[in-house]
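Undergrad: Can you keep this structure in mind? I'll have questions shortly.
Numbering (the UniProt record's numbering), first residue to last: 1 to 452.
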């Protein structure tokens, strides 16, 4: 009798341990969405209760950990799984091939490693965010991403017609990012027209026609890019951020091309209220300023806000002068003091020798200041003890002396970590620098200098 009672107790405990199976389907679907899809499918073997539950999970995640050199098997497995999915709404879709993660971030994928995008994925109308890498749209699929708002495609094979189909099939798209993609089109036929009325943010290599676009970011290796902006009349902000990496043979042929390409870009962006410029662009502008200032006056821009991502090193200074001279309507200037390891232009030794100047006296030699509407200046990442402190202080002194309607200048100290406190020595050094800045002459009677 005692043995039977013990057996009943064990059975009762086992029964109680499976309370999760008593949960409503909706909760089980949600739980399964946190598992890799392969494991969610394996849950079907637990009991009849779990059969096909995974097909209604709110998210699908595919991970390939195999050491095989071919991606085909993994792609085939994913494509066979997708048609079995039954839910009418998919909140999350994630696919990662761990074998290529580092290569995807650092190099272009070989042609034979591109996988064909499944038609079932191309017609998931409930998707809101989708990121794809190393895919090809062959044969041309039907695109029905009616709810998609954010689309990021990298290392892919695309042509003008396919981009047009993607835009037509994504009526709610607000954010499109196309990077490091292989444009399959004849020379001169790689113009992309964007008629989408919903698209607000675009990151793209190539030629851009987007009359409804509001935000544009162009970055990467400038010598590999061929940019033309034909119609971006609705832009309210733009960011130009490039790197310098190139071989010696490429560098020699790129100086004139870089100057020409950047000049055309800036002319196309004269109407944009806010623009962000990186060190590389500033140094190309320095070339323009030094070599061509007598024959090529800078066109005047309508920009109200100018953001400079720079170290304020020597060869940035003429480029900054160029931008200030061409921005008579400027009201706000933001200087982000950032390290620019791979974003500096490599000047030829003969250029440095022929056009060298005293950076310590650069701003003192400038007698005119065209930014007569400048009201706000922000210096972000300031350090009281750094290699380029004299350049920063010279620029601050120049602005205070010449900005006639300046209302406030805010200097944000750089902190290496959140909630980091200063040492006594650092506090003393910062105090000395702040006192020096506060002693500078101000042309605006209403100017206030603040430190944060």
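All residues carry an ideal CB built from backbone N, CA and C; glycine is no exception. Just so we're clear, the structure is a prediction, and the values are computed from it rather than from any experiment.
1) Leaving out five residues on either side along the sequence, give the residues of the same chain with a beta carbon under 8 Å from the beta carbon of residue 59.
2) Which same chain residues end up closer than 6 Å to residue 106 when comparing Cβ atoms and leaving out the 5 residues on each side of it in sequence?
3) Am I right that residue 370 and residue 306 are in contact with their C-beta atoms under 8 Å? What's the rounded C-beta distance?
4) Is there contact here, the stretch 325-339 with the stretch 373-381, by at least three beta-carbon pairs under 8 Å?
5) Residue 127: which of 116, 151, 396 and 134 sits nearest, CA to CA?
6) For residue 27, count neighbouring C-beta atoms within 10 Å of its own C-beta (all shown protein chains included) and say buried if the count is 16 or more, exposed if not.
7) Name the residue from 86, 74 and 266 whose alpha carbon lies nearest to the alpha carbon of residue 53.
8) Return the bridge partner residues of residue 309 from the DSSP annotation.
9) Could you give the first and the last residue of the continuous alpha helix (DSSP H) run that contains residue 376?
10) When you compare the CB positions of residue 155 and residue 133, do they come within less than 7 Å of one another, or not?
11) How many whole angstroms separate the CB atoms of residue 453 and residue 173, which I take to be in contact at a CB cut-off of 8 Å?
12) What residue range does the beta strand (DSSP E) around residue 151 cover?
13) Would you call residue 170 buried or exposed, if buried means 16 or more other Cβ atoms sit within 10 Å of its Cβ?
14) I'd like the list of long-range same chain contacts for residue 390, defined as Cβ closer than 7 Å, with 5 residues on each side in sequence excluded.
15) For the beta strand (DSSP E) that contains residue 448, what are its first and last residues?
16) What residues in its chain sit with their C-beta under 6 Å from that of residue 274, if we drop five residues either side in the sequence?
17) In terms of residue numbering, what span does the alpha helix (DSSP H) encompassing residue 413 cover?
18) With burial defined as no fewer than 16 other Cβ atoms inside 10 Å of the residue's Cβ, what is the status of residue 200: buried or exposed?
19) Measuring alpha carbon to alpha carbon, tell me which residue in 179, 145, 146 and 141 is nearest residue 161.
20) According to DSSP, is residue 316 part of a helix, a strand, or is it coil?
21) Nearest by alpha-carbon distance to residue 63: which of 38, 45 and 312 is it?
22) Determine the contact status of residue 77 and residue 36, defining contact as a CB-CB distance below 7 Å.
23) Classify residue 102: buried if its beta carbon has 16 or more other beta carbons within 10 angstroms, exposed otherwise.
24) Here's a check: name, in chain order, each residue in its chain whose Cβ is nearer than 6 Å to the Cβ of residue 117, leaving out the five neighbours to either side.
25) Count the other C-beta atoms from every protein chain shown that fall within 10 angstroms of the C-beta of residue 427, then say buried if there are 16 or more, exposed otherwise.
26) Should residue 19 go down as buried or exposed, given a rule of 16 or more other Cβ atoms within 10 Å for buried?
27) Just the Cα atoms here: how many angstroms apart are residue 46 and residue 75?
28) If we call anything under 7 Å between Cβ atoms a contact, is residue 277 one with residue 240?
29) Relative to the C-alpha of residue 269, which residue among 319, 235 and 42 is closest?
30) So what's residue 322 in DSSP terms, helix, strand or just coil?
31) Does the separation of the CB atoms of residue 300 and residue 260 fall below 7 Å?
32) Measuring alpha carbon to alpha carbon, tell me which of 283, 404, 285 and 348 ends up nearest residue 373.
33) Starting from the Cα of residue 145, find the closest Cα among 124, 139 and 165 and give me that residue.
34) Based on Cα-Cα distance, which residue from 321, 314 and 384 lies nearest to residue 367?
35) Quick check on residue 45: does DSSP put it in helix, strand or coil?
36) According to DSSP, is residue 294 part of a helix, a strand, or is it coil?
TA: Considering the structure as presented:
1) 33, 34, 90, 91, 92, 93 and 94
2) Bear in mind that a pLDDT of 26 at residue 106, under 50, signals an unreliable position, so the model cannot answer this.
3) Rounded, the Cβ-Cβ distance is 12 Å, inconsistent with contact.
4) yes
5) 151
6) exposed
7) 86
8) 278 and 336
9) Unbroken run through residue 376 is the beta strand (DSSP E), 376-382; no alpha helix (DSSP H).
10) yes
11) Here the chain has residues from 1 to 452 only, and residue 453 is not among them.
12) 150-154
13) buried
14) 360
15) 448-451
16) 237 and 305
17) Segment 408-413 is the beta strand (DSSP E) holding residue 413; no alpha helix (DSSP H) there.
18) buried
19) 141
20) helix
21) 38
22) no
23) Note on residue 102: pLDDT 31, under 50, position unreliable in the model; no value is reported.
24) 135 and 137
25) exposed
26) exposed
27) 27 Å
28) yes
29) 235
30) helix
31) no
32) 404
33) 124
34) 321
35) helix
36) Note on residue 294: pLDDT 41, under 50, position unreliable in the model; no value is reported.
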